[in-house]
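**Q** Handing you this structure, nothing more for now.
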Amino acid sequence: MFTLINPNKPKSSRDQIKLKGVRNDILILSDNSYRLVLQVTPINFELKSEAEQDAIIDNYQKFLNALPCSIQIIFRTRAMDLDSYLNSFTNQANNDQIKNYSYFVKQLVADNKILSRSFYLIIPLTSQDSLDIDNANQQLKVFEDIVKKGLDQIGIKSRRLSGLEILDLFYSFYSPEQAKTQSISEQTLKLINQAYI
C-alpha cells in the first residue's frame, strides 16, 4: 500500500531552500553543507578611466582564477521603504518647512520608486566527511580571507554577514511584505538554532 501525496500542497520556505539553521555566522543547510555570506560594496565601473577599467578587468580575471572554491554572486534590488523616515518628520512637524519637505519627499517616492541595490558573495563548503561547525568555520575562514584579499585588489570592500543578517536576508526574500513590518530578532535566531540544529 502506498501513501498519496498531494502535489498541490505548498512547501514551506524552509523545505524549499533546505535551511537547517545559522550558527557562528555560517548558514547550515539540511545536507550538512555550509555557506558563508559576504556583502560587497560595488565600484562604479563607468566612472573609471579606460586604464582603470582595464586594470579592474585584469584583477578580476586574476581573482576568479585564484578562487579556492566556487562562489555564487547575488545581486538584489529592493524598493526602499521610507514610511518610517517620513513618519518621523511628520510627527515632529512644528514648522511649515518640515511639513513641505515631508510632503515633497512623499510625492517624489509616490511617483518614482527609490531602489537600493545590494551585492552578496556566497562561499560554499561541502565535504564528503561530516564536519562539525568549528572545522567548517576554520575552512570557510581560509576561503573568506582569500576572497577578501582578491576583492581588495579590485577595490571592492566586503564584510561577513552576521547570523541575524543572513536570516533577515532570507526572510526578506521569502516574505518581503512581512519583513517590512516584523523584523527578525536575536531571540528568533536562538529559537531557530535550538529547534533545528
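So the sequence shown is residues -6 to 190, counted in my numbering. Beta carbons are placed, not taken as given, at the ideal position from N, Cα and C, and that holds for glycine. Remember, it's a predicted structure, so these values are computed and weren't measured experimentally.
Once you ignore the five residues that flank residue 154 on each side, which residues in its own chain have a CB closer than 8 Å to its CB?
**A** If you number the sequence shown from 1, residue 154 lands on position 161. Cβ within range, chain order: 18, 30, 31, 32, 113 and 162.
**Q** Can you find at least 3 beta carbon pairs, one from the segment 128 to 144 and one from the segment 104 to 120, that sit closer than 8 Å?
**A** The segment 128 to 144 is in contact with the segment 104 to 120.
**Q** What first and last residue would you give for the alpha helix (DSSP H) that runs through residue 95?
**A** For the purposes of this step, residue 95 is taken as residue 102 along the sequence shown, with counting starting at 1. Segment 89 to 104, the alpha helix (DSSP H) holding residue 95.
**Q** Any idea what DSSP makes of residue 59, helix, strand or coil?
**A** As a working mapping, residue 59 is identified with position 66 in the sequence shown. Residue 59: coil per DSSP, three-state reduction.
**Q** Measuring straight from C-alpha to C-alpha, what distance separates residue 57 and residue 101?
**A** Here the question's residue 57 lines up with position 64 in the sequence shown. Here the question's residue 101 lines up with position 108 in the sequence shown. Residue 57 and residue 101: Cα-Cα distance of roughly 41 Å.
**Q** Between 28, 167, 96 and 124, which has its C-alpha nearest residue 65's C-alpha?
**A** Taking the first residue of the sequence shown as position 1, residue 65 is located at position 72. Residue 65 has its Cα closest to that of 28, out of 28, 167, 96 and 124.
**Q** Given this structure, state the Cα-to-Cα distance separating residue 70 from residue 106, to the nearest angstrom.
**A** Along the sequence shown, read from residue 1 onward, the residue named residue 70 stands at position 77. Along the sequence shown, read from residue 1 onward, the residue named residue 106 stands at position 113. Cα to Cα, residue 70 sits roughly 11 Å from residue 106.
**Q** My output table needs one value for residue 148: the three-state DSSP class, helix, strand or coil.
**A** Taking the sequence shown and counting its residues from 1, one reaches residue 148 at position 155. Residue 148 falls in the coil class under three-state DSSP.
**Q** Would you decide whether residue -4 is buried or exposed? Buried here means 16 or more other CB atoms lie within 10 Å of its CB.
**A** Here residue -4 refers to the residue found at position 3 of the sequence shown. Confidence at residue -4 is low in this model, with a pLDDT of 48, below 50, so the placement of that residue is unreliable and no value is reported for it.
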